[in-house]
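Residue numbers (the working numbering), protein chains in the order written: chain A, 1 to 104; chain B, 1001 to 1104. We treat Cβ as the ideally placed atom computed from N, Cα and C, and that holds for glycine. What you are looking at is a predicted structure, and each value in this text was computed from that prediction instead of being measured. I have placed the structure first, in the form of structure tokens, so that the comments after it can refer back to it.
Number of protein chains: 2
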Amino acid sequence: MSTVFKALSDPTRRKVLELLRQRPMSAGEIAAHFDVSKPTMSAHFAVLREADLVASEKQGKTVIYQIKMSVLEDALLGFASMFGWELKEGASPPAPPADKEVTE
Amino acid sequence: MSTVFKALSDPTRRKVLELLRQRPMSAGEIAAHFDVSKPTMSAHFAVLREADLVASEKQGKTVIYQIKMSVLEDALLGFASMFGWELKEGASPPAPPADKEVTE
DNA sequence: ACGTCATTTCGATGATTGGCTAATTGTCGA
DNA sequence: TCGACAATTAGCCAATCATCGAAATGACGT
Chain A
1 MSTVFKALSD
11 PTRRKVLELL
21 RQRPMSAGEI
31 AAHFDVSKPT
41 MSAHFAVLRE
51 ADLVASEKQG
61 KTVIYQIKMS
71 VLEDALLGFA
81 SMFGWELKEG
91 ASPPAPPADK
101 EVTE
Chain B
1001 MSTVFKALSD
1011 PTRRKVLELL
1021 RQRPMSAGEI
1031 AAHFDVSKPT
1041 MSAHFAVLRE
1051 ADLVASEKQG
1061 KTVIYQIKMS
1071 VLEDALLGFA
1081 SMFGWELKEG
1091 ASPPAPPADK
1101 EVTE
């Protein structure tokens, strides 16, 4: 749980997850959305992997990252339930794939 | 949003919030639940205040801290909604006031 | 076998974090 | 006014973090 929240505490990593919500992506494709070096992105991926929030699969030259929604959901739910909240499937559409900005 | 998640990334601070869910408490009363020095707790309180997750009110000698549920809810909801989730009032009881342990 | 491309690892750096003790501030009762 | 108590501030330290450039790894295609 701590690893998940630690992972979520960084805006870049939160946006990575948001990107991956749309579809699995390669490391390079994700990195293209950010203004940091490849090694830095790689480190962020490692944190997300460590928290088990993403799965990675090597496909030839590239590495495909995929979000593990259930892990994210469990962590969020686990925390929310401490405060008397439940997590419900939203009525709204799965959310637009728009290139939205992360709230700093 | 980042300040909230940053605040939530520490287990001690999460447990402080959990304690405050029961009722407002003085700094000392909260600190008594943890095995760290008062100044360290004071620093944690400062982070929670910075994130606007708690309100503090000086009452004579002591300082009373109170959780700001709406702020926590907004942050959680704001994030959850990115993934197509909603936050619902839990059917389960407001959660027992038991001295539970925080999941590391 | 070679060059290229995608990604990660290595090594370094400055900033932030969580922790402490000691000192300070503010409030109350005697 | 003094002493005791609650809490914060000040100053310090070790560990972690986000970042980088350079080097290493691994997988093509030629």
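In this structure, does DSSP put residue i in helix, strand or coil?
{"i": "residue 1103 of chain B", "result": "Because the pLDDT of residue 1103 of chain B is 43, which lies under 50, any placement of that residue in the model is unreliable, and the number read from its coordinates should be weighed accordingly. If DSSP states are grouped into helix, strand and coil, residue 1103 of chain B belongs with coil."}
{"i": "residue 1025 of chain B", "result": "strand"}
{"i": "residue 56 of chain A", "result": "strand"}
{"i": "residue 1063 of chain B", "result": "strand"}
{"i": "residue 6 of chain A", "result": "helix"}
{"i": "residue 38 of chain A", "result": "helix"}
{"i": "residue 88 of chain A", "result": "strand"}
Using 9 Å as the threshold, is the C-beta distance between residue i and residue j below it?
{"i": "residue 1053 of chain B", "j": "residue 1004 of chain B", "result": "yes"}
{"i": "residue 1013 of chain B", "j": "residue 1069 of chain B", "result": "no"}
{"i": "residue 1027 of chain B", "j": "residue 1038 of chain B", "result": "yes"}
{"i": "residue 1001 of chain B", "j": "residue 24 of chain A", "result": "no"}
Does the beta-carbon of residue i have 16 or more other beta-carbons within 10 angstroms, so that it is buried, or is it exposed?
{"i": "residue 1057 of chain B", "result": "exposed"}
{"i": "residue 15 of chain A", "result": "buried"}
{"i": "residue 1080 of chain B", "result": "buried"}
{"i": "residue 75 of chain A", "result": "buried"}
{"i": "residue 85 of chain A", "result": "buried"}
{"i": "residue 7 of chain A", "result": "buried"}
Determine the closest residue to residue i out of the options, with distance taken between C-alpha atoms.
{"i": "residue 1009 of chain B", "options": "B:1081, B:1022, B:1051 and B:1086", "result": "B:1051"}
{"i": "residue 1083 of chain B", "options": "A:88, A:61, A:83 and A:82", "result": "A:88"}
{"i": "residue 63 of chain A", "options": "A:86, A:29 and A:7", "result": "A:29"}
{"i": "residue 1017 of chain B", "options": "B:1001, B:1037, B:1036 and B:1047", "result": "B:1047"}
Looking at the ligand NAD, does it come within less than 8 Å of residue i, judged from the CB to the closest heavy atom?
{"i": "residue 25 of chain A", "result": "Inclusion of the ligand NAD in the displayed structure is not the case, the ligand content being empty and no account of it being possible."}
Would you grab the beta carbon distance between residue i and residue j for me? Rounded to a whole angstrom, and I think it's under 8 Å.
{"i": "residue 1065 of chain B", "j": "residue 1034 of chain B", "result": "Actually they are not in contact, since the Cβ atoms of residue 1065 of chain B and residue 1034 of chain B sit about 14 Å apart, beyond 8 Å."}
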